[in-house]
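> Structure in structure tokens, see below.
Number of protein chains: 2
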Amino acid sequence: MSDMDVTAVKGSDEPDAAARHRDADGTRQRLLQAARQRFAMDGYAATTVRDIATDAGVNVALINRYFTSKEGLFEACLDRTVKELGDRDTDASTVDQIVTVMLEQMLDTPADGRPLQLLLLLRSTGEPEVDEIRRRTLRDFSERMATAAGWSPQDARTGDLVLRAQLVLATAFGILLLRASTALEPLRSATDTELRGPLGDAVTALLSARS
Amino acid sequence: MSDMDVTAVKGSDEPDAAARHRDADGTRQRLLQAARQRFAMDGYAATTVRDIATDAGVNVALINRYFTSKEGLFEACLDRTVKELGDRDTDASTVDQIVTVMLEQMLDTPADGRPLQLLLLLRSTGEPEVDEIRRRTLRDFSERMATAAGWSPQDARTGDLVLRAQLVLATAFGILLLRASTALEPLRSATDTELRGPLGDAVTALLSARS
DNA sequence: TCCATATGTAAACAATTGCTGACTTCGATA
DNA sequence: TATCGAAGTCAGCAATTGTTTACATATGGA
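Protein sequences, first through last, are from chains U and C.
Letter by letter, the first sequence follows residues 1 to 211 in the working numbering.
Letter by letter, the second sequence follows residues 1 to 211 in the working numbering.
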């Protein structure tokens with residue numbers, strides 16, 4: 001997470017090592033970014049506010065100033081994930097598109113921490129209220145996926161499609177965990193090309209219309 | 001904290017509230033059982049040695065006496081899981097049998113904490129040495145599964161079967177997490193009967209011989 | 001019976017945790 | 001320029017953490 005080398009324009013609001021001082025919004029973003037990374041990778045309890053502050057290159061006290069508490073910072077991270085997850089992929093209407101969206105979510109695009117976004121939904125603070133947000137988000141997500149796969153609440157024949165969509169979700173989470181957290185080979189080093197085939201088989205088997 | 005909730009501990013001799021005094025081996029077992037439950041459900045960092053001791057109905061200091069440290073206790077839990085995982089399912093040679101074994105591992109058999117056993121392999125202490133044990137165990141497990149599905153290291157056509165087996169593993173872990181830790185409905189309440197169909201479809205699609 | 005030792009208990013240790021308050025410093029504005 | 005508020009720093013608090021130490025007590029063999 002090196003600094004952007006935007007040295008061309010003087011007086012720009014880029015977070016230059018010298019110019020980023022006294023930039024409250026920039027500081028908030030740096031904290032959010034560092035927190036997402038830590039929370040997603042190591043979990044809530046294993047992450048220290050001092051870790052986050054150090055990663056962000058920011059004083060520890062500012063976490064409490066800008067986010068009230070460690071838990072407040074986590075909720076802010078969660079909010080962003082929930083928001084971005086709500087915007088995205090409302091267009092996926094076929095199983096193939098679902099596979100594409102899933103791969104897109106799970107692929108390493110180092111610029112934004114996309115795969116970490118999802119991983120965050122598996123991390124718990126222990127507070128029931130925050131956990132409920134996670135649960136509802138996952139519920140919504142799986143129901144949208146089920147809908148894209150043909151689910152309609154009235155149709156009894158598609159009754160288990162939500163469950164099946166949640167199995168797809170479970171697969172995605174398992175892959176993310178084994179890759180990012182456990183670093184299991186060869187899964188960890190598998191490219192999206194290598195993953196697309198097997199993952200497509202699994203998702204298709206789970207979501208395609210059956211007799 | 002009443003003593004009622006610790007009587008669920010499986011002991012060779014009955015751990016009666018009166019009779020269990022001065023039973024070193026029984027105390028070790030009570031600690032191991034409580035620790036597995038906590039570590040698997042809440043993770044390593046979120047679990048307190050005092051939590052474990054209270055669950056086990058045992059003095060905190062005995063953790064260090066019998067297992068040296070919190071991490072030593074975790075390793076002892078891990079050893080047991082690795083051992084039981086090594087013994088089991090060396091006989092699964094067809095995809096159907098793999099599904100059966102997976103369901104057996106994931107089903108709630110309250111007596112022993114089978115699903116928690118697997119979940120433990122996702123929990124990290126942060127110590128690289130302990131993590132390596134987890135990694136190797138998962139690697140072995142997935143290679144055994146791939147072998148059962150027809151993998152041979154020489155045959156290039158089965159080259160991605162280990163990766164596919166790890167996707168099966170990922171699915172299992174995801175399901176366990178979403179059920180036990182996140183309590184996502186309807187997945188959490190799904191019976192093994194309801195799970196067998198979808199899970200069978202996914203595993204078959206991942207591991208069956210393809211053209 | 002008596003004592004050595006295994007087992008368990010209680011209290012407190014040092015380190016780390018999240019968090020707070022008083023302080024300084026910068027920058028915009030009157 | 002003087003000033004006031006926002007942004008950041010610093011030191012330290014109170015609580016919790018894993019661990020250890022000193023002590024109590026039960027148990028079995030001499």
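We treat Cβ as the ideally placed atom computed from N, Cα and C, and that holds for glycine.
Just so it is clear, the structure is predicted and the values come from calculations on it, not from any experiment.
#1: Would you mind sorting C:T193 into buried or exposed? The rule is 16 or more other CB atoms within 10 Å of its CB.
#2: Does any CB atom of chain C fall closer than 8 Å to the CB of U:A284?
#3: Do the CB positions of C:A149 and C:L103 come within less than 8 Å of each other?
#4: Measuring CA to CA, which of U:L116, U:S124, U:V60 and U:M106 is closest to U:Q33?
#5: With DSSP collapsed to three states, give me the class of C:L78.
#6: Of all the alpha helix (DSSP H) runs that stay within the bounds of the region 108-139 of chain C, which reach a length of 4 or more residues?
#7: Could one say the Cβ of U:R164 lies closer than 8 Å to chain C's Cβ atoms, at least one of them?
#8: On a CA-only basis, which of C:A61, C:T182, C:L31 and C:L120 is nearest C:E84? Give me that one, please.
#9: The alpha helix (DSSP H) with U:Y66 in it runs from where to where?
#10: Residues of the region 161-190 of chain C with a CB closer than 8 Å to any CB of chain U: list them in chain order, please.
#11: How would you list, in chain order, the residues of chain U whose beta-carbon sits under 7 Å from the beta-carbon of C:L138?
#12: If distances are taken between C-alpha atoms only, which option among C:W151, C:I98, C:P198 and C:A40 comes closest to C:F217?
#13: Less than 6 Å between C-beta atoms, sequence neighbours within five positions excluded: which residues of the same chain meet that for C:G43?
#14: At a Cβ cut of 8 Å, what residues of the region 53-78 of chain U count as close to chain C, listed as they run along the chain?
#15: Who are the neighbours of C:T100 on chain U, taking C-beta pairs under 8 Å?
#16: Helix or strand or just coil, what does DSSP make of C:Q154?
#17: Cutting at 7 Å between CB atoms, please list the residues of its own chain near C:R219, excluding the five before and the five after it.
Taking the definition as stated:
#1: Exposed, since its Cβ has fewer than 16 Cβ neighbours within 10 Å.
#2: Given a span of 1 to 211 for chain U in the structure shown, any question on residue 284 of chain U remains unanswerable.
#3: Cβ distance not < 8 Å, so C:A149 and C:L103 don't count as in contact.
#4: Each of U:L116, U:S124, U:V60 and U:M106 was checked against the Cα of U:Q33, and the nearest Cα belongs to U:L116.
#5: In this structure, C:L78 counts as helix in the three-state DSSP scheme.
#6: Within the region 108-139 of chain C, the complete alpha helix (DSSP H) runs of at least 4 residues fall at 114-120.
#7: At least one chain C Cβ lies under 8 Å of U:R164.
#8: Ranking C:A61, C:T182, C:L31 and C:L120 by Cα distance to C:E84 puts C:L120 first.
#9: A61 to F67 is the span of the alpha helix (DSSP H), which, as asked, contains U:Y66.
#10: The residues in question are V162, L163, R164, Q166, L167, L169, A170, T171, A172, F173, G174, I175, L177, L178, S181, T182, A183, L184, E185, P186, L187 and A190.
#11: Result: T182 and L184.
#12: Since the first residue shown for chain C is 1 and the last is 211, residue 217 of chain C is missing from the structure and cannot be characterised.
#13: If we look at C:G43 and ignore the five residues flanking it on each side, its Cβ neighbours are R123.
#14: So the list is empty, because no residue satisfies the distance condition.
#15: Within chain U, no residue comes near C:T100; the closest Cβ sits about 17 Å away, beyond 8 Å.
#16: If DSSP states are grouped into helix, strand and coil, C:Q154 belongs with coil.
#17: The displayed coordinates of chain C run from 1 to 211. Any statement about residue 219 of chain C would go beyond what the structure contains.
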